[in-house]
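Heads up: the sequence shown is residues 2 to 106, going by our numbering.
Beta carbons are placed, not taken as given, at the ideal position from N, Cα and C, and that holds for glycine.
In this text, all values refer to a predicted model and were calculated from it rather than measured experimentally.
Reading through the structure tokens given below for one structure.
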Amino acid sequence: PAKPARTADPQYLILTGGSPFLRAIGSVRRPGGEPLPGFANLAVTKMSAAPLPTEPGPYEFRFQASNGTGDFKLAQRSETGAPRNVRDFEMASSGGFQLYRFTIP
2 PAKPARTADP QYLILTGGSP FLRAIGSVRR PGGEPLPGFA NLAVTKMSAA
52 PLPTEPGPYE FRFQASNGTG DFKLAQRSET GAPRNVRDFE MASSGGFQLY
102 RFTIP
């Protein structure tokens, strides 16, 4: 018999704070692994969230922030829930890569 489909809410990566045109561009991968197919070159802005994988387990979003100044936050949220796993970031000098770690339940 086929395994029943997961009924968990899809999870999204959201960006808050920072300047209005700030973008975080990067890819989702398993810790230390290669970018997952379909999750490379994701762009997250204040206006657009990025869908996250549905397979449970630990992940990281390796990204560069651009078009902004100051501090910002990344978080994950479901369609219906409040943001969780909120993390503070600062604009990295010279476009360095940063990591946001999260877990899909």
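Whether residue i touches residue j by CB criterion (8 angstroms)
i, j, result
"Tyr-60", "Pro-52", "no"
"Phe-73", "Ile-26", "no"
"Val-29", "Leu-23", "no"
"Gly-97", "Ser-67", "no"
Three-way DSSP call (helix, strand, coil) for residue i in this model
i, result
"Gly-27", "strand"
"Gly-18", "strand"
"Gly-96", "helix"
"Ser-49", "coil"
"Asp-72", "strand"
"Leu-37", "coil"
"Thr-81", "coil"
"Asn-42", "coil"
"Thr-55", "coil"
Reference residue i; option with closest CA among the options
i, options, result
"Glu-91", "Gly-58, Leu-16 and Arg-78", "Leu-16"
"Pro-106", "Ser-49, Glu-56 and Pro-38", "Glu-56"
"Thr-104", "Val-87, Gly-69, Gly-97 and Phe-98", "Val-87"
"Gly-34", "Ala-93, Thr-70 and Phe-62", "Phe-62"
"Arg-102", "Gly-96, Asp-89, Ala-83 and Thr-70", "Asp-89"
Residues near residue i in its chain [Cβ-Cβ closer than 6 angstroms; skip 5 each side]
i, result
"Val-45", "Leu-14, Leu-16, Ala-25 and Ala-51"
"Leu-100", "Glu-61 and Arg-63"
Beta-carbon proximity list for residue i, same chain, < 7 angstroms, skipping 5 on both sides
i, result
"Ser-20", "Gly-69, Thr-70 and Gly-71"
Other residues of its chain near residue i: CB distance less than 8 angstroms, five sequence neighbours each side excluded
i, result
"Pro-84", "Ile-15, Thr-17, Ala-76, Gln-77 and Arg-78"
"Thr-81", "Asp-10"
"Lys-47", "Leu-16, Thr-17, Gly-19, Pro-21 and Leu-23"
"Pro-32", "Pro-59, Tyr-60, Glu-61 and Arg-102"
"Ala-93", "Gln-65, Ala-66 and Gln-99"
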